[in-house]
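Asks: Protein chains in written order, with this note's numbering: chain A, 17 to 294; chain B, 62 to 346; chain C, 550 to 826. For every residue, glycine included, the Cβ atom is placed at its ideal position computed from N, Cα and C. All of these numbers come straight from a predicted model, not from anything done at the bench.
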Amino acid sequence: MPYQHAQDNWFAAIIIAIIALAVLINIARAKAGAQLYIRRIAGLDAIDEAIGRSTEMGRPVTMIPGLTAFGVAAVQALTIFKYITKQIAKFATPMRLLTADATVYAVAQEAIQDAYNEAGRPDLYDPDSVRFLSDRQFAFASGVAGLIQRERVAANFMFGEFYAESLIFAETGNIVGAIQIAGTVSFTQVPFFVAACDYTIIGDEFYATSAYLSREPVLLGSMVGQDIAKFLFACTVGVGAIAATVLGTDHPFIKLLGQPGGWEPFVEFVSKTLFGGK
Amino acid sequence: MWRSVWQVDTSTTAGIIAMVLIVLGAFLLMLGLIPLLQALPPRGRRVLIALITFFAGAFFAAEFFLPLTKDNENWLTPGVQPAQNVLQIIGSLALGLGTYGLIRLHLRNVVQRRAQWGYSVVLLISFLTMAFFSIWNTLAAKNLLPKNSVLVRGFEILFDYTLVQLDAAMFSIIAFYIYSAAYRAFRVRSIEAGILMFTAMIIMIGIMPLGAAISSWMGLPSEVPKDAHPFSLESILYALSLPEIANWILIKLNAPVQRAIEFGVGIGGLAMAIRLWLSLERGIT
Amino acid sequence: MQTRQPAVWDRMLAIDRRILYLLLFVNIVVFLLLPVQLKAVISPPARKFYNAIEKLQTGDLVMVSSNWSASTIAENKPQLEAVLHHLMRKKVRFTIMSVEAQARDLSYRIAQRIAKEYGYEYGKDWAHLGFYVNLIVAIKGMTTDLPATVKQDVEGTPVSQLEVLKGVRTLADYKMVIDVTPSGTMPLWVSYRPKGLIVLFCPTSVMAAEAYTFLDSGQVEGMLTGAKGAQEYEQLLKIKGQGAIFANCIQFSHVLIILTILLGNIAMFLSRHAREG
C-alpha cells in the first residue's frame, strides 16, 4: 500500500496540521501588532557591505539560485535576490542573475524588473542581466565560473539548492577575490560553502532570510510559528526517547511516534485501555 | 468517452472529438483571458491570482487529506497525474523561453560586436551543431530520417567524446578546488577551528583502508568478538581504532545534527509553502 | 626601514594554488598506476547492503534506479557493476530505469556487458525501462499502475511483451529498489515507495552524509559510499573491479591533503611567532 495519503498515517497528518496552525496563529498575532524578536544573522548583515564593496570597485554582483527547480526554495532565493537588487538599484551597480532552470528564469526576469521599478530606477533594468545558461549541471557550472572569472565580480550571492557545482562557484569567486555569501538547504554542500565563502547561512536560516531582511509582520509571525513547531518536535523527540527507554520499542505509543502504520495499533491500545474489551 | 472525470478515452472517435473540443475551448479561453487580465486593475489581478493559487494548492491538500475508498484512492486521486503532467508541460514551455533568451543574448553580442563576442560565436556554433545532430539522431531512431555514417560519427564525437568528457572534467575540477579550499580554511585560529580540522582528518583517514592499516600498526584490534564485554580492554581498544572513531562521528554526531537541521528546513519549507498557498508571501508575487 | 624578506613559512601561506593542483595531479596519477592496494574494512552500511541482497530469492524482482552521468563515473560505475554482479549471481530478475539522459545509455551498456557473463537474457531476465523526466511522477505512476506508466522499454518493446514484467501490476511487486545516484533522489524513493519496498542506496561520497539519518531509522537498509563502498562490495563479492583502484588513489590524496594542511598550520604558527618576535 503506498504511503501517500493522510489515511496512511494520521499521526503525521495531525503533526502537519499542528505546524500549519502554529504558523497561521503567529501570523495573525503579528498582524495584530505583537512585537516579535529575531536574532542577528551575521551573513545577512553583510549583504549591504558586499554591495557597497562592489559599487566602490565598479565590478558587478552575481546572484545564483543554484540548480533549484521552481519551488519553495527557488521562491525564497528570488525573494532574497529581489531585496539585493533593490539595494543594488540605489547605487546603479551592475548585476548578473544566472539560472539553471527555465521556469526560475522566467519568474526571475519579472522579479528583478519589479525590484528596479519598486526602487524607482526602471531605467537601470537590463533584460540581459538575468540569464538562463543551461539546465545541465556542469554546463551551468562552467558558464557561471567563466562569467565570474571574465567579469571579475566583486560580490557573489548564492542562495538556493546546490549540488556538486557549489564548490566550483565558491572557489572561482574566491580566486577573483569576491566577497561571498551563501545560503542553502542542501546539507551536504554546507561544508564547501563554509570553507570557501565569507558567510554561510545554514538550514532554516535560509527560510528566515526574507523575514530578517524585510521585517514584515507576516513573515516574522511565520518564523515564530516555525520555531514553536520546532520546539514541539524537540519535545516529541524527548518524550519519545524517554518512553522508548521505559516502555520498550514495541509499545503502541512508540510505534505511533516512529512508524507509518502505527496509528491503528495505537488507537486500538487506547480504546482497550480506556474502555476495556478484547 | 470518459475514463474518469479527469481523463478522456482517446481510443474512441467520440473521445477524440471531445479532446479536440476541449483543447480548442481551452485555447479560446486563454485568448479571451489575456485581454481580461490586462483590463483588470492591479488589485483585481492580484485577487484573481490569489484565487487560482489557492484552488490549485487546495486540490493537492484535499487529495492528501480526503478519506480513501477501495483501491487506496479518493475521487481526486485520478487527477493528480494529469495535474503533474500540466506542470511538466509548463516546464517544457519555459525551457523554450530560456533557450530563446540565451540565443537572443548571444546573437546580439555577435551582431553588435560587444566585448568578448568571440565566446558568443563559439556558443552559437556549438548549440546549433549539437541540436542538429541530436534532432537528426532522434528522428533517425524513429525512422523518419536516414541514419548514415556521418550521423553516427558526428553524434559519437559530439556526445561520447566531447560532452561526456567535459562533464567528467568539470566534476574533477572539484577535487582540486577542495584541496585549495581546505588548505586555506583548515587553519587553527580558534578552538572551534581546531576541533573542525581534527575531526575532518580523523574522518578522512578513518573511513579509508589506510585508517584500518594505521590502527593495526598501532596494535589496535581490527575486530572484536560479538560476545565481548563492552568495557573489556579489547572492546575499548577496538573503539579507539580510526575506523570506529570515524564511524562514531558519522553516526552519533553527524546524523543527529543533520536530523535537527533537516527538521528545521522541512518546517521552514512547509511554512513557506503555506504562505505561498494563501498568498501571504509578498516577496516576488 | 628594512622590510623583512618573506621567510619560507610566509611563502607557504601564500603558495600559488597551481602548485597545490600540480601536487594533487601527480599524487593521483602515481597512485592510480602503482599496484599498492590496502584491504578494505567492511563498514556496517556496506555489510547491511550485502546482506539485504543475499536475502533475495531466485526470481525476485528488483528495480535499479541508475541516475548518474559521466561526471560521477569514477564512483557510481564501480557501484553499479558490483551490484549487477551480485544480482545476477543471485539469479534475481531486475529492471533498470533512469532520470538522467546520459545515465540511460551508460547503465544500458554496462548491464548488457555484465549480462553476457552470466547468460542473462534481455527481456526475460532483465530489461531497461528507459528515461523518465520526473522521478516523483514516475514513482507515483508505477506505484499505481506500472504498465501504464512504463509503456515500453528502452528498445521500444511494449511492456506487455517483456517476460521479466509478466504479472507485474505495480511497484509493490518488486522486492527492492537500488538507487545508484549522485543526486538527491533517495529521499524521493523513501517518501513515495509502496510499503514494504526495501531501499538500498549507492551515492557518491559527498551525498552519503545525508543518508545516515535514513540508515539509522531503517528507512534505507544499506549503503555503498562512493568508490570506497564499491571497493568494500567488490571485496565481499571477491571480484576485481575499479572501485579498489579508485578508492586506493583517493585515500592517498587524503594523506596529501592532510599533510599539506598540517604544514600550512605549522607555517601559520611560525609566521605568527616571527611577527610577534
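1. Assuming Phe324(B) is part of the alpha helix (DSSP H), what are its boundary residues?
2. Starting from Tyr215(A), follow its DSSP beta bridges and name the residues at the other end.
3. Report the neighbours of Leu191(B) on chain C: residues whose CB is nearer than 8 Å to its CB, in chain order.
4. Starting from Ala117(B), find everything on chain A with Cβ-Cβ shorter than 8 Å and list it in chain order.
5. Within 9 Å (strictly less), CB to CB, does Tyr761(C) reach chain B?
6. Does the distance from the C-beta atom of Val748(C) to that of Arg642(C) stay below 9 Å?
7. Within 10 Å of its beta-carbon, does Arg330(A) have 16 or more other beta-carbons around it, so buried, or fewer, so exposed?
8. Which residues in the same chain as Thr119(A) place their Cβ atom closer than 7 Å to its Cβ, once the five residues preceding and following it in sequence are excluded?
9. Ends of the beta strand (DSSP E) at Ala250(A)?
10. Taking its Cβ as the centre, do 16 or more other Cβ atoms sit within 10 Å of His822(C), making it buried, or is it exposed?
11. Kindly indicate if chain A contains any beta-carbon less than 9 Å away from that of Ser251(B).
12. Look at the alpha carbon of Gly241(A) and the alpha carbon of Ser340(B), and state the distance between them as a whole number of angstroms.
13. Residues of chain C with CB closer than 8 Å to the CB of Phe203(A), please, in chain order.
14. Taking Val708(C) as the query, report the chain B residues whose CB atoms sit under 9 Å from its CB, ordered along the chain.
15. Please list, in chain order, the chain A residues whose beta carbon lies closer than 7 Å to that of Val326(B).
16. Count the other CB atoms, across all protein chains shown, that sit within 10 Å of the CB of Ile270(A); report buried if there are 16 or more and exposed otherwise.
17. Quick check: Ser592(C) and Ser615(C), are their CB atoms within less than 9 Å of each other?
18. Using 8 Å as the threshold, is the region 294–311 of chain B in touch with the region 263–278 of chain B, meaning 3 or more CB pairs across them?
19. Do we get a CB-CB distance below 9 Å when we pair Gln165(A) with the residues of chain B?
20. Could you spell out where the alpha helix (DSSP H) holding Phe818(C) opens and where it closes?
21. Using a cut-off of 8 Å between C-beta atoms, extract the partners of Pro731(C) located in chain A.
22. Along the chain, where does the alpha helix (DSSP H) that runs through Ile54(A) open and close?
23. Alpha carbon to alpha carbon, how far is His21(A) from Pro233(A)?
24. Given a threshold of 16 other Cβ atoms within 10 Å of its Cβ, counted over all protein chains shown, does Glu783(C) qualify as buried or as exposed?
25. Use the C-beta contact count for Thr698(C): other C-beta atoms within 10 angstroms, 16 or more gives buried, fewer gives exposed.
26. In chain order, what residues of the same chain have a beta carbon less than 6 Å from the beta carbon of Asp139(A), not counting five sequence neighbours either side?
27. Around the C-beta of Ala22(B), are 16 or more other C-beta atoms found within 10 angstroms, so that it is buried, or is it exposed?
28. What does Ser656(C) touch in chain A if you count any residue whose Cβ is under 8 Å from its own?
29. Assess, as a yes-or-no matter, whether the region 174–189 of chain A is touched by the region 81–101 of chain A under the definition of 3 or more beta carbon pairs within less than 8 Å.
30. Go through its chain and collect everything with a Cβ distance to Phe27(A)'s Cβ below 8 Å, but skip five positions before and after it.
31. I need the straight-line Cα distance from Asn135(B) to Leu205(B), nearest angstrom please.
32. With 9 Å as the threshold, decide whether the Cβ of His593(C) is near any Cβ in chain B.
33. Compute the distance between the beta-carbons of Ser202(A) and Ser182(A), then report whether it is under 9 Å.
34. Between the C-alpha atoms of Gly668(C) and Asp654(C), what's the straight-line distance to the nearest angstrom?
35. Since Leu711(C) contacts Leu695(C) with CB under 8 Å, what's their CB separation in whole angstroms?
Replies: Judging by the given coordinates:
1. Counting from one through the second sequence, the residue named residue 324(B) turns up at place 263. That run of the alpha helix (DSSP H) goes Ala316 to Trp338.
2. Stepping through the first sequence from its first residue, residue 215(A) is reached at position 199. Answer by DSSP bridge pairing, in chain order: Ile197(A).
3. Here residue 191(B) is taken as the residue at index 130 of the second sequence, counted from 1. The amino acid occupying residue 191(B) in the given sequence is Met; Leu does not appear at that position. Chain C residues near Met191(B): none, gap ~13 Å exceeds 8 Å.
4. Translated into positions along the second sequence, residue 117(B) becomes position 56. Neighbours of Ala117(B) on chain A: none; closest Cβ ~14 Å, over 8 Å.
5. Counting from one through the third sequence, the residue named residue 761(C) turns up at place 212. With 9 Å as the cut-off, Tyr761(C) counts as an interface residue toward chain B.
6. Taking the third sequence and counting its residues from 1, the one referred to as residue 748(C) is at position 199. Taking the third sequence and counting its residues from 1, the one referred to as residue 642(C) is at position 93. Cβ atoms of Val748(C) and Arg642(C): not closer than 9 Å.
7. Missing from the structure shown is residue 330(A); chain A here goes from 17 to 294 and no further.
8. As a first step, residue 119(A) is located in the first sequence; it is residue number 103 there, counting from the start. The answer, listed in chain order, is Phe86.
9. Mapped onto the first sequence, residue 250(A) falls at position 234. Run containing Ala250(A): none in the beta strand (DSSP E); it sits in the alpha helix (DSSP H), Pro233 to Leu263.
10. By one-based count along the third sequence, residue 822(C) stands at place 273. Classification for His822(C): exposed.
11. Here residue 251(B) corresponds to residue number 190 of the second sequence, with the count starting at 1. No, no contact with chain A.
12. Residue 241(A) sits at position 225 when you count from the first residue of the first sequence. Residue 340(B) sits at position 279 when you count from the first residue of the second sequence. Computed Cα separation, rounded: 17 Å.
13. Here the question's residue 203(A) lines up with position 187 in the first sequence. Residues of chain C passing the Cβ test: Ala758 and Glu759.
14. Looking up residue 708(C) in the third sequence gives position 159. Here the premise fails: no neighbours, minimum Cβ distance about 17 Å.
15. One-based indexing of the second sequence puts residue 326(B) at position 265. In chain order: Val201, Gly219 and Asp220.
16. Sequence index remark: in the first sequence, residue 270(A) carries index 254 (1-based). Result: buried.
17. Counting from one through the third sequence, the residue named residue 592(C) turns up at place 43. Counting from one through the third sequence, the residue named residue 615(C) turns up at place 66. In this structure, Ser615(C) does not lie closer than 9 Å to Ser592(C) by Cβ.
18. yes
19. Translated into positions along the first sequence, residue 165(A) becomes position 149. Answer no: the Cβ-Cβ gap between Gln165(A) and chain B never drops below 9 Å.
20. Residue 818(C) sits at position 269 when you count from the first residue of the third sequence. Where Phe818(C) is concerned, the enclosing alpha helix (DSSP H) stretches over Gln791 to Glu825.
21. Position 182 of the third sequence, counted from the first residue, corresponds to residue 731(C). Residues of chain A passing the Cβ test: Tyr179 and Ala180.
22. As a working mapping, residue 54(A) is identified with position 38 in the first sequence. It is not in any alpha helix (DSSP H) - Ile54(A) carries neither H nor E in the DSSP assignment.
23. Counting from one through the first sequence, the residue named residue 21(A) turns up at place 5. Counting from one through the first sequence, the residue named residue 233(A) turns up at place 217. Taking the straight line from one Cα to the other gives about 33 Å.
24. Taking the first residue of the third sequence as position 1, residue 783(C) is located at position 234. By the neighbour-count rule (16 or more Cβ atoms within 10 Å), Glu783(C) is buried.
25. Locating residue 698(C) in the third sequence gives position 149, where the first residue counts as 1. The residue is buried, with at least 16 neighbouring Cβ atoms inside 10 Å.
26. As a first step, residue 139(A) is located in the first sequence; it is residue number 123 there, counting from the start. Here the set comprises nothing.
27. Lying before the first or after the last residue shown, residue 22(B) is absent from chain B, which here runs from 62 to 346.
28. Numbered from its first residue, the third sequence carries residue 656(C) at position 107. Within 8 Å Cβ-Cβ: nothing; Ser656(C) doesn't reach chain A, min ~18 Å.
29. yes
30. Taking the first sequence and counting its residues from 1, the one referred to as residue 27(A) is at position 11. Within the same chain, Phe27(A) has close Cβ partners Leu272, Leu273, Gly278, Trp279 and Phe282.
31. Looking up residue 135(B) in the second sequence gives position 74. Looking up residue 205(B) in the second sequence gives position 144. Their backbone Cα atoms lie some 43 Å apart in a straight line.
32. Numbered from 1 along the third sequence, position 44 holds the residue referred to as residue 593(C). Contrary to the premise, residue 593(C) reads as Pro rather than His in this sequence. Closer than 9 Å to some Cβ of chain B, the Cβ of Pro593(C) qualifies, so yes.
33. Indexing the first sequence from 1 puts residue 202(A) at position 186. Indexing the first sequence from 1 puts residue 182(A) at position 166. Contact flag set, yes.
34. Here residue 668(C) corresponds to residue number 119 of the third sequence, with the count starting at 1. Here residue 654(C) corresponds to residue number 105 of the third sequence, with the count starting at 1. One C-alpha to the other measures close to 21 Å.
35. Here the question's residue 711(C) lines up with position 162 in the third sequence. Here the question's residue 695(C) lines up with position 146 in the third sequence. No, Leu711(C) and Leu695(C) are not in contact; Cβ-Cβ is about 11 Å, not under 8 Å.
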